[in-house]
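S.K.:
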Amino acid sequence: MASIAAPLSEIISSLYGTLRLARGDTGGMNFFNISPEGFWRSFTAAVLIAPLFFILLSVRYLVSDSDIPLARYTSIHAISYIIGWVAFPLLFFHLADILGIGQRFIRFIVSYNWASVLQNIVYLPFALLVEAQVLQGPVANFIGILLLGLVFFYIWFVTRTALEISNFLAIGFVVIDFMLSVFINSVTQGMLRIPQTG
């Protein structure tokens, strides 16, 4: 069985593809491995993003004065992180079949996963500065809204390009993705608030 970890050459090619897409170049799609093997390898993106994500969580934990044990805090967020990477592909698999675009499922998820690396590289350092209270107030709000808008536009462009669908339908998928993320985050916060017993 082939390894599901993407080799360095594929990582570099895929990230270059995400940069091309970020410049509005639909030719960026040509740099992704859209085979079934490439589908599984694209989840290597989750491993690449994980260090930044857990640094952010560490800072958030330290500045929060939380009485939640670190092991509990980390394990809940780790589970949430994994679910976040699996939930949307599973949901989209069924939606794509209903909408008759199932033949482009792999192409979309591969580009979507790798594009997540770029969007997190852009957004997570900002979130880290906010959590560390280096950036605050109106300036932080303005930058946050600007970055969020850029991320949404980028996801929309990747979605529209990979699926070859209308602007309106691409917006719908972006909204679904966002709402799913909000739901997972809400459940995560709820789990953290559940009192420990014993």
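Take -2 as the starting number for the sequence shown in the working numbering and just add one per residue.
Beta carbons: idealized from backbone N, C-alpha and C, even for Gly.
Remember, predicted model here, so these are calculated numbers, not experimental data.
In chain order, what residues of the same chain have a beta carbon less than 6 angstroms from the beta carbon of P224, not counting five sequence neighbours either side?
M.R.: As displayed, the chain neither begins before -2 nor continues past 195, which places residue 224 out of reach and without an answer.
S.K.: Are at least three pairs of beta-carbons, each pair with one atom in the segment 151 to 159 and one in the segment 59 to 78, less than 8 angstroms apart?
M.R.: Taking 8 angstroms as the limit for Cβ pairs, the verdict is that the segment 59 to 78 does not touch the segment 151 to 159.
S.K.: Which same chain residues end up closer than 8 angstroms to N27 when comparing Cβ atoms and leaving out the 5 residues on each side of it in sequence?
M.R.: G14.
S.K.: Of the choices G25, W37, R20, V83, whose alpha-carbon is the least far from that of L177?
M.R.: Cα-wise, what sits closest to L177 is V83.
S.K.: Tell me whether H91 is buried or exposed, calling it buried when 16 or more other Cβ atoms sit within 10 Å of its Cβ.
M.R.: It counts as exposed.
S.K.: In chain order, what are the residue ranges of uninterrupted alpha helix (DSSP H) at least 4 long that sit wholly in the segment 18 to 69?
M.R.: DSSP runs (the alpha helix (DSSP H)) wholly in the segment 18 to 69: 33 to 38, 41 to 61.
S.K.: Just to confirm before moving on: does the CB-CB distance between V114 and L12 stay below 8 angstroms?
M.R.: Contact: yes.
S.K.: When the Cα atoms are used, what is the spatial distance from V179 to S32?
M.R.: Going from the Cα of V179 to the Cα of S32 covers about 30 angstroms.
S.K.: Among the candidates D22, S39, G21, whose CA atom is the shortest distance from the CA of I9?
M.R.: Taking only the C-alpha atoms, the option nearest I9 is S39.
S.K.: Just the Cα atoms here: how many angstroms apart are R104 and G169?
M.R.: Spanning the two alpha carbons is a distance of roughly 18 angstroms.
S.K.: Starting from E161, trace the alpha helix (DSSP H) both ways and give me its first and last residue.
M.R.: Neither: E161 is in no alpha helix (DSSP H) and is coded neither H nor E.
S.K.: Should A19 and W111 be called a contact, given that it needs their Cβ atoms to be closer than 8 angstroms?
M.R.: Contact flag unset, no.
S.K.: Can you tell me which of the three DSSP states G99 falls into?
M.R.: Three-state result, G99: helix.
S.K.: What number of angstroms, rounded off, separates the C-alpha of I95 from the C-alpha of P192?
M.R.: Cα to Cα, I95 sits roughly 41 angstroms from P192.
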